[in-house]
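Heads up, the thing below is written out as structure tokens.
Protein chains in written order, with the working numbering: chain A, 5 to 320; chain B, 324 to 916.
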């Protein structure tokens, strides 16, 4: 069963020149550790913000534990815990006050929260500081209290955005171990990171996002079995995708590119659509032998409800 | 060769160092102005110029309009022998507004917490930072004083018929008005800051000390004003004094605390005036020099205290389950009350409102008693009604404007509010309620105070009291406006949160929304207050006054103010409320910060 389902996620920030997420599609299954990869500006953070409800999205559909996060945000939010990348926690509260506050929001029973809190504090070795005000914490300690806050209600889906930043090696190890333990219990872990080695070792599956689309959906068990290097593949795939996207951008004449930018105001000409179709076809031809790439999708000139040229292919 | 190196050619090393030091100070001043003043920008240069011109035009029109109305009112009062009472009101209002605005501004500007970025990023010394900050703070205060005082002084001078000498001294009054309190504040700032750092994590104690000091200061300040008034009014011949050129100036100077200078100027001639001026500037410079030495010696110690004393608060939270609503209220309250900065901003006027209402009423009563030389119950009621309404109307927008940064203050934690399974509407209601209830209590206490009969000890048989219907009217008007300000301020903040954070994560500057709500509220408050106060007063004195034109119209409105203002304020409250609670949650969801 899919704990998280993202379908055709499209996000264009108000007034932004570029589209942040063009067509993001993936699923996170029960009991899975899922890696979410991409270069800076690929659309990773935007996708995570849309999934968690921090920002609204323009179109598409996101389901968490079967709840649509637009139509039923209350239940969708109850299903996940989120660890952001910016260590943002309420500085004025003490660690225990913060975790108790989160536990109250999710209705965690007193005895249950006590047991979990003590267990998590012991695991992440922060017990000595939980009664201190968070403003006195180091980056790593803030990250730890944020992790504990995200787990106090034991959500079905644990979303982590660059969770290892600022953590000491011991804590990184603990977090990794706990991620595995957590997934074994039937929960899912959504793990966004730039650390490809960790992703290769930890995750069951990973997707690579580039230019606002998912360019690869990778079975990491297969990688580990065959001894393939995720880092090398990542570099190659993102390079190819980047080159192709650049090439296509160049080939579309300036006028049409301008039209595509003017979201919702103009329609692309038939000639442009044909051009894009041909380019997508060439792209598929070029990348069809890429190992372990299950899905390849590209949507170059998509813009709000007008130019929608999209192709999804499955490799051999 | 570096830029400007040619200019230092031939200078001694000491001169070069001095020049470099002042260059740094100048850079810091520019930086603070750039950070503090957001220039309006249009899409093109022409639009920017139009925008700037428009703002300048509105400001000039407001000042000219204010001067005009003030001059007309002053004319009427002087014509009918109420000049002193009118001037007393004017200065009390000026001092009230100045205290409310300048005290937090001074604290904010000189606060060491704001220096972190400057100190960490640039090769500047504490002394340079201190000097630059003190210049910026003084200029801010000067601009504020000039905008407010210039129209009053000019209008008053015109109405009384002062000669050229008076106008020559007006700039001096404005330049000197903030001098003593300002440099004194800068002198004690760092020692006080060290005490504050010590108390920083002892929240309750800090809050008590802050408010104890503040209330003490306000009571002392109002007593001085009150005492000055008694002294002035008891010295027979006030009318003569006010209407004579020397007397008028002496009166003005009394209220500004630099009376001795002006007394010397007008009594002792030009030599004394120059000596007096030199003395004022000299004493101020001594304060400044001592301030710089104190800053240089204490700066790093204070700065390090600030850093190392953060971890002092320790508190074990019980594993006690609360409903999400109460948990969110508790979290929001802790976020405010565990910050001395926020607590101060939040509760400053809530605590001061009843006090200021009381003191302003006393001042009004003294002026009225001395004017008519006998107690008139109806006039006393009108005065208390008008003065209370005026003070409450002026103070409420300042307290309510805290709501206009409710979302912005979340800063990086804004993501929390989007993630938690608590509806946006509920979160908005919690934030609005936290601002509303203390203001409600403050207004209720102030209203209760003026509804109960009270005899001030040194005002013989006077009774300070307004009828219940008047009290209910003020309460209804104030509360409906407060609801309007809070809802509108929060809605604006939701539409465009600024999340302007510095250093430790606290919002240290007021946002544009806060200023907008405060400015609009003060304008509306001043208008309502003046019309209600003088409308009631003139109605009582009907037949005595000769009124015409705009003045008559304004006072006629004053007669029917209840029928006009209450429905208007209730409509404003309702519209703002609906805007916030119907449209606000959708905006909150769409927020992309």
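All C-beta atoms, glycine included, are put in the ideal place defined by N, C-alpha and C. Values in this document were obtained by computation on a predicted structure and should not be read as measured data.
Taking a C-beta cut-off of 8 angstroms against chain B, none of the residues of the segment 191-207 of chain A qualify. Cβ contact annotation for residue 135/A (same chain, cutoff 8 angstroms, sequence separation greater than five): 98, 99 and 100, in chain order.
In the DSSP annotation of this structure, residue 12/A is not part of any alpha helix (DSSP H); the continuous beta strand (DSSP E) holding it starts and ends at 6-15. Listed along chain B are 735, 736 and 738, each with a C-beta nearer than 7 angstroms to that of residue 92/A.
A residue is called buried when at least 16 other Cβ atoms come within 10 angstroms of its Cβ; residue 795/B does not meet this threshold and is exposed. Membership of residue 109/A in the alpha helix (DSSP H) is indicated by the continuous run 99-109.
Within the segment 58-69 of chain A, those residues whose Cβ lies closer than 8 angstroms to any Cβ of chain B are, in chain order, 58, 59 and 60. Taking the C-beta atoms as reference points, residue 195/A is found no nearer than 7 angstroms to residue 42/A. In the DSSP annotation of this structure, the continuous segment of the beta strand (DSSP E) that includes residue 31/A starts and ends at 25-33. Judged by their CB atoms, residue 16/A and residue 64/A are not nearer to each other than the 7 angstroms cut-off.
Ranked by how close their Cα comes to the Cα of residue 904/B, the residues 810/B, 645/B and 804/B have 810/B in first place. Taking 9 angstroms as the upper bound on Cβ-Cβ separation, chain B lies near residues 86, 88, 90, 91, 92, 93, 94, 95, 96, 97, 98, 99, 100, 101, 102, 103, 104, 105, 106, 107, 108, 109 and 110 of the segment 86-110 of chain A. With contact defined as three or more Cβ pairs closer than 8 angstroms, the segment 170-189 of chain A and the segment 666-683 of chain B are not in contact.
Counting along the chain, residue 67/A sits inside the beta strand (DSSP E) bounded by residues 63-68. At least one CB of chain A lies nearer than 7 angstroms to the CB of residue 647/B. The C-beta distance from residue 658/B to residue 146/A rounds to 16 angstroms, too long to meet the 8 angstroms contact threshold. Taking the Cα positions, residue 706/B is about 7 angstroms away from residue 687/B. The shortest C-alpha to C-alpha distance from residue 808/B to any of 819/B, 790/B, 792/B and 836/B is the one to 836/B. According to the DSSP assignment, residue 192/A belongs to the beta strand (DSSP E) that extends over 192-196. Residue 775/B carries a coil assignment under DSSP once its states are collapsed to helix, strand and coil. With respect to the 7 angstroms criterion, residue 390/B and residue 460/B are not classified as neighbours on the basis of their beta carbons. In the DSSP secondary-structure assignment, residue 451/B is not bridged to any residue.
Residues of the same chain with their beta carbon placed closer than 8 angstroms to that of residue 45/A are lacking, with the five preceding and five following residues left out of the count. The alpha-carbon of residue 337/B is positioned some 29 angstroms away from that of residue 462/B. By the criterion of a C-beta distance shorter than 7 angstroms, residue 727/B is surrounded in its chain by 812, 813, 815, 816, 834, 836, 837 and 840, once the five residues flanking it on both sides are discounted.
Below the 9 angstroms Cβ cutoff, chain A contributes no neighbours of residue 908/B, its closest Cβ being approximately 11 angstroms away. By the beta-carbon neighbour count (other beta carbons within 10 angstroms, threshold 16), residue 383/B is exposed. Of the residues assessed, residue 766/B falls on the buried side of the cut-off, its CB having 16 or more other CB atoms within 10 angstroms. DSSP places residue 725/B in no alpha helix (DSSP H); its state is neither H nor E.
The three-state reading of DSSP puts residue 345/B in helix, counting H, G and I together.
In terms of Cβ geometry, residue 647/B and residue 730/B do not form a close pair [threshold 7 angstroms]. Taking the C-beta atoms as reference points, residue 394/B is found nearer than 7 angstroms to residue 482/B. Rounded to whole angstroms, the gap between the alpha carbons of residue 715/B and residue 801/B is 7 angstroms.
Within the same chain, 162 and 193 come within 7 angstroms of residue 186/A by CB-CB distance, once the 5 residues on both sides are set aside.
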